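Trainee: Sharing a structure with you now.
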Amino acid sequence: MSDENLIRMANQIAAFFRTQPGGDASAKVAEHLRNFWAPGMRRQLQEIALKDGSGLDAIAVEAASGGLGLPRVTV
Amino acid sequence: MKDIIIPWDDRDLGTPPRTGAPVTLTVDGFDVTVPEGTSVMRAAALAGIEVPKLCATDSLEAFGSCRLCVVEIEGRRGTPASCTTPVAPGMIVRTQSDRIRHLRRGVMELYISDHPLDCLTCAANGDCELQDMAGAVGLRDVRYDAAPQVANHFAPRDSSGEANPRWLPKDESNPYFTFDPAKCIVCSRCVRACEEVQGTFALTIAGRGFDSVVAAGEAGDNFLTSDCVSCGACVQACPTATLQENSVIELGVPQRSVITTCAYCGVGCNFKAELNGDQLVRMVPWKHGKANHGHSCVKGRFAYGYAQHQDRILSPMIRDSIDEPWREVGWDEALTFAARRLRGLQETHGRGSIGVITSSRCTNEEAYLVQKLARAVFGNNNTDTCARVCHSPTGYGLGQAFGTSAGTQDFDSVDHADVVMVIGANPTDAHPVFASRMKKRLREGAKLIVIDPRRIDLVKSPHVAAAQHLPLRPGTNVAVVTAMAHVIVTEGLANEAFIRERCDWDEFQHYAEFAADPRHSPEATAALTGVDPEALRAAARLYATGGNAAIYYGLGVTEHSQGSTTVMGIANLAMLTGNIGREGVGVNPLRGQNNVQGSCDMGSFPHELPGYRHVGLPEVRAVFEAAWGVQIDPEPGLRIPNMFDAALAGNFKGLYCQGEDILQSDPDTTHVAAALAAMDCVIVHDLFLNETANYAHVFLPGSTFLEKDGTFTNAERRINRVRKVMAPRNGFEDWEVTQMLANEMGAGWSYTHPAQIMDEIAATTPTFAGVDYDLIDRLGSVQWPCNEANPAGTPTMHVDGFVRGKGRFIVTEYIPTEERTGPRFPLLLTTGRILSQYNVGAQTRRTANTVWHDADLLEIHPHDAETRGINEGDWVKLASRAGATSLRATLTDRVSPGVVYTTFHHPDTQANVITTELSDWATNCPEYKVTAVQVSQSNGPTEWQQDYAARGERSRRIVTAAE
Ligand code: SF4
Ligand code: SF4
Ligand code: SF4
Ligand code: FES
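Just so you know, the sequences run in chain order A and B.
FYI, the numbering for the first sequence is 312 to 386, going by our numbering.
FYI, the numbering for the second sequence is 663 to 1625, going by our numbering.
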């Protein structure tokens, strides 16, 4: 799956949860991804989150760093 | 197992039912008790006594013109018409006496004197009320002679050979029915049906007295050129052969009938399929159908001919690669080929490398089996449904707000609405029978608000006019809905008592503060949305204070990058004003296809098992693991767009696609085509070699809704029975085909009837716990949730509390789509559908419905056309950053300047070449409704269209088994 597509989709999700009250946007993004994204997509997003300058929203980066319910990817 | 059809009472009781206090009267010596307001005619019929009648029928208000129904009432003078006389307590009615018989014969004699006596060769012979009544009143001779000098209206020439000026030729302009004025008795049932039932007002009685005739449209019009939408209500109402289905003229009067459900749109009309042997003669909307109450549209009633179309593929076909021609093979060979390939792909590329797409057109039982195939046989959750591309945001948005994605009402609820707000939906085209109900309520005085970029028909049609039409810029739904909430909150129109009792108060506070922010005011957002702030304020006030207010919305809400957010915004409006949890209000998603609701209910989505329960929940998996005897993958699978992306990346290789033409219906055709071409095993299970089949390796012939048993669930959660009317021409019902494929892959399933599949659904899914075929047969249909608490189903949701407990207000910040207009693509394209065609048109294009729509047209505002030098009917090129196509333009101010509109019913136009990969943030529902485009002059089809047509032709080659 293309990184570009995943980044756009994750950024859209981050943009929504950023607007929600309560302040725990990255946890909500992570929950959303765990619920709706197939593991392969989550894994790929984690890899993207590790790269600098990917264009991935900071909230999504933070969400991905929590592991998204998968074994953590490390460098 | 044999289907047992409960014999329902289909008698015509003469006048419509009433509700009121009971009144007891005596008819011919029998006591009968009926609601106040009931006619004497209906009371008599309920007592088992049929009073002769011609102008009355129980689908229409009484008219009192024929005077065949006269009766005697003790203590009243004369002989009142029983159809127009209401009952009174203690009334004593006599329906027979010498005086009455004499009067009735006199009436009949007059009618028959101006009616041709060719009953034996008449198309309505055996199905004609005039004939029946002549018999019932004992007409034996006709004293009035149609002598040359006495004018009649049925003979083309009088006996001296002179042309008869009162005679009119047949009108055969409509492809499905014929109007033969010679047989007309001017009872005006047709005119009233068109007004009262359909709401189109296409017919009038022209002329007076002896000269009156039924006329369609204005002088010079025929049925086709008039406003007639070919719903057939007039044909059904006509007591004679004057308005007659062409199929009856051709095939004779049908002798048996089966009750079933339309397979087109989400209204889910019940029909009596009327046949001779296994020859379908006509479809008559069933008067006891709870979604349609005896009405239908042109598609359900007339457009069933595709089932017999020569393009239908009846034997399985395979090919090694998509460049080869198809090879016809037996079922065994095709299924073995498919199963081996799928298993082989899993061995090489992993368990998750294959998946399924279930269809919103197939039955619940079929959808259930297809997702079971993925989960229990493939061992993954790669199952999705075409609802992905229409109402997935409804599932997410309403689920978040209320705890369930279910629409909140039944259709009858609209009869109690005082304000109807239609957002991003076009009911008169897409949900016609419901639109007729809605229009009836609007004619009774309910107020209408329309929020749509386009001036849809509802905004202004005969005797209906929107109080407010907000023609917003495509893509700004969230801003408009939030601005309405701003008005409601800041002007103190919110229903605080409701909110305190039913909703989460803290979340409401957050939301109220958010909505009250001046940046959400109609004035502040007008520049963005293009909506007049005063009109928006008026609409919000009307919605909040006009009494029972109901929202109906469609794909114009969901198919946006913020589709889910708009759905939440709509839920907020309903909660803010307390418009939820009773009749006449609610949030009503109008589902597009016949079984969108059902395919979602059946666990077609990759993240949830049947009944909307997340696949990650161990207790839910345990239920299915026990029933199926397999382990279920706890991780969500791929959604349709993810499948395509994964295919292009080389990780997704095989697809079983049932009843769904993804290549034509999904956005960004070039991308989808490339994804399909990258797969090694695409199985298309369909009626026709559809566009997707150009990229398929296996073709499994499907069966039509006439050829199988099952259930569809309509937009009001109503589970309707689909009954087998004739044997499947392809040899198997679709659930059987899925079972054969599963068993070829080692599943060991042994269903022998879809009733057993429904039993499995009921056993595993709490909202369906009480559903079985016997119950549906008994009740006619049932709305889920249907369980111990609601054994007869649930017409209205959230009556005492929300499914999730407290209703949840969700902040809905407007976030513009990435799709923006600019110098290269300065216009916004939005897409939709029209009445006579259905979805990608695979069925309706193969019927005479093409007389109303034989090509997709581009609607463009005259101003935008002028600056581009485009005239009415010109070929134009429509281009976006995704692709280009060409089609003909039509100039109209239905669309605002800057907005263009087209339909997507024809593959040669392929509007989805233009639409982009953008999608809803939460569900990946494609953003069909907003694409930045440019329109320019063109000479004809683009290169892409020519290539595409050539490729289609090449990949449809078939080598038959005999060769
Ligand atoms: S077919 Fe329907 S719309 Fe047309 S004239 Fe008859 S009732 Fe009216
Ligand atoms: S066309 Fe049929 S329904 Fe209409 S007025 Fe004539 S007889 Fe009556
Ligand atoms: S297409 Fe829809 S409205 Fe028309 S008959 Fe079928 S279910 Fe009814
Ligand atoms: S049926 Fe009563 S007047 Fe015609």
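A virtual CB, placed ideally from N, CA and C, is assigned to each residue, including glycine.
Note that the structure is a prediction, hence the values are computed from the model and not measured.
Kindly identify the DSSP beta-bridge partner or partners of B/D693.
Mentor: Answer is B/T688.
Trainee: Using three-state DSSP, classify B/P1184 as helix, strand or coil.
Mentor: If DSSP states are grouped into helix, strand and coil, B/P1184 belongs with the helices.
Trainee: Based on Cα-Cα distance, which residue from B/N836, B/F1374 and B/T695 lies nearest to B/T887?
Mentor: When only C-alpha atoms are compared, the closest one is B/N836.
Trainee: With 8 angstroms as the limit, tell me which residues of the region 342 to 360 of chain A have their beta carbon closer than that to any beta carbon of chain B; keep them in chain order.
Mentor: Under the 8 angstroms Cβ criterion, the region 342 to 360 of chain A contributes H343, R345, N346, F347, W348, A349, P350, G351 and M352.
Trainee: For B/D1307, which residues in chain A fall below 9 angstroms Cβ to Cβ?
Mentor: Going along chain A in sequence order, the residues near B/D1307 (Cβ under 9 angstroms) are M312, S313, N316, L317 and M352.
Trainee: Give me whichever residues DSSP pairs with B/I1016 in a beta bridge.
Mentor: DSSP output for B/I1016 lists B/G1316 as bridge partner(s).
Trainee: Kindly list the residues whose CB is nearer than 8 angstroms to the CB of B/W1397, restricted to its own chain and excluding five residues on each side of it in sequence; keep chain order.
Mentor: Contacts found: T1025, E1027, E1028, L1031, K1370, G1372, Y1413, P1416 and I1419.
Trainee: Is the closest heavy atom of ligand 4 to the C-beta of B/A743 under 7 angstroms?
Mentor: Indeed, a heavy atom of ligand 4 lies less than 7 angstroms from the Cβ.
Trainee: Any beta carbon from chain A within less than 8 angstroms of B/P1136's own beta carbon?
Mentor: Cβ-Cβ to chain A under 8 angstroms: no for B/P1136.
Trainee: Counting by C-beta, which residues lie closer than 5 angstroms to a heavy atom of ligand 6, in chain order?
Mentor: As presented, the structure is devoid of ligand 6, carrying ligand 1, ligand 2, ligand 3 and ligand 4 as its sole ligands.
Trainee: Measuring CB atoms only, is the region 1005 to 1013 of chain B touching the region 1239 to 1258 of chain B, in the sense that at least three cross pairs come out at less than 8 angstroms?
Mentor: These segments do not touch.
Trainee: Strictly below 9 angstroms CB to CB, what residues from chain B border A/I324?
Mentor: Residues of chain B passing the Cβ test: W1583 and A1584.
Trainee: Run through chain A and tell me which residues come within less than 9 angstroms of B/G1225, C-beta to C-beta.
Mentor: Correct list: empty, because the minimum Cβ distance to chain A is about 11 angstroms.
Trainee: Quick one, which of B/P901, B/H950 and B/C893 has its alpha-carbon nearest B/S958's?
Mentor: Out of B/P901, B/H950 and B/C893, B/C893 has the C-alpha closest to the C-alpha of B/S958.
Trainee: Any C-beta of chain A sitting closer than 8 angstroms to the C-beta of B/H1276?
Mentor: At least one chain A Cβ lies under 8 angstroms of B/H1276.
Trainee: Would you identify the three-state DSSP class for B/N826, choosing helix, strand or coil?
Mentor: Three-state DSSP puts B/N826 in coil, outside helix and strand.
Trainee: Please report whether the beta-carbon of B/L1491 lies at a distance below 8 angstroms from any beta-carbon of chain A.
Mentor: False, the Cβ-Cβ gap to chain A never drops below 8 angstroms.
Trainee: My guess is that B/V1151 and B/A1178 are in contact by the Cβ rule of under 8 angstroms, so how many angstroms apart are they, rounded?
Mentor: Rounded, the Cβ-Cβ distance is 5 angstroms, consistent with contact.
Trainee: Mind checking the region 1463 to 1492 of chain B against chain A and listing, in chain order, the residues whose C-beta falls within less than 9 angstroms of any C-beta there?
Mentor: Here the close residues are I1472, V1473, T1474, E1475, I1477 and E1480.
Trainee: Does the beta carbon of B/E1281 come closer than 8 angstroms to any beta carbon on chain A?
Mentor: No, because no Cβ of chain A sits closer than 8 angstroms to the Cβ of B/E1281.
Trainee: Could you list which residues in chain A have their beta carbon closer than 8 angstroms to that of B/G1014, in chain order?
Mentor: Here the neighbours are A349 and G351.
Trainee: Taking 8 angstroms as the threshold, find out whether the region 1199 to 1217 of chain B comes into contact with the region 1082 to 1097 of chain B through three or more Cβ pairs.
Mentor: The region 1199 to 1217 of chain B, when compared against the region 1082 to 1097 of chain B, does touch it at the 8 angstroms Cβ threshold.
Trainee: Within the same chain, show all residues whose beta-carbon is closer than 6 angstroms to that of B/L1217, passing over the 5 residues directly before and after it, in chain order.
Mentor: Hits under 6 angstroms: C1052.
Trainee: Could you tell me if A/K362 is buried or exposed, where buried requires 16 or more neighbouring beta carbons within 10 angstroms of its beta carbon?
Mentor: Its Cβ having fewer than 16 others within 10 Å, A/K362 is exposed.
Trainee: Under 8 angstroms, do B/L1007 and B/D1342 count as touching if we go by C-beta distance?
Mentor: Yes, the Cβ-Cβ distance between B/L1007 and B/D1342 is below 8 angstroms.
Trainee: Just to confirm, are B/M770 and B/V799 a CB contact at a threshold of 8 angstroms?
Mentor: It is a contact, given that the beta carbons lie within the stated cut-off.
Trainee: Select from the region 1308 to 1338 of chain B all residues with a C-beta closer than 8 angstroms to any C-beta belonging to chain A, and list them in chain order.
Mentor: The residues in question are A1308, L1310, A1311 and N1313.
Trainee: Using 8 angstroms as the Cβ pair cut-off and three pairs as the minimum, do the region 1226 to 1239 of chain B and the region 1047 to 1064 of chain B touch?
Mentor: As far as the Cβ criterion goes, the region 1226 to 1239 of chain B touches the region 1047 to 1064 of chain B, which means the pair count is three or higher.
Trainee: Assign B/E1270 to one of two classes, buried (16 or more other C-beta atoms within 10 Å of its C-beta) or exposed (fewer than that).
Mentor: Buried is the call here.
Trainee: Cβ closer than 9 angstroms: which chain A residues qualify as neighbours of B/P978?
Mentor: Neighbours of B/P978 on chain A: none; closest Cβ ~31 angstroms, over 9 angstroms.
Trainee: Spell out whether any CB of chain A is found under 8 angstroms from the CB atom of B/H1523.
Mentor: No, B/H1523 does not count as interfacial toward chain A.
Trainee: Hey, which unbroken runs of the beta strand (DSSP E) at 3 residues or more fall wholly within the region 1210 to 1236 of chain B?
Mentor: Taking only runs of at least 3 residues, the beta strand (DSSP E) segments lying wholly in the region 1210 to 1236 of chain B are 1211 to 1215.
Trainee: Starting from B/G1006, trace the alpha helix (DSSP H) both ways and give me its first and last residue.
Mentor: Run containing B/G1006: W993 to H1011, per the alpha helix (DSSP H) assignment.
Trainee: Within this structure, are the beta carbons of B/D1307 and A/S376 separated by less than 8 angstroms?
Mentor: Contact: no.
Trainee: Quick one: give me the first and last residue of the beta strand (DSSP E) that B/K1627 is part of.
Mentor: Residue 1627 of chain B lies beyond the stretch modelled for chain B, which goes from 663 to 1625, so this question has no answer here.
Trainee: What does B/G699 touch in chain A if you count any residue whose Cβ is under 7 angstroms from its own?
Mentor: Residues of chain A passing the Cβ test: none, with the nearest at roughly 53 angstroms.
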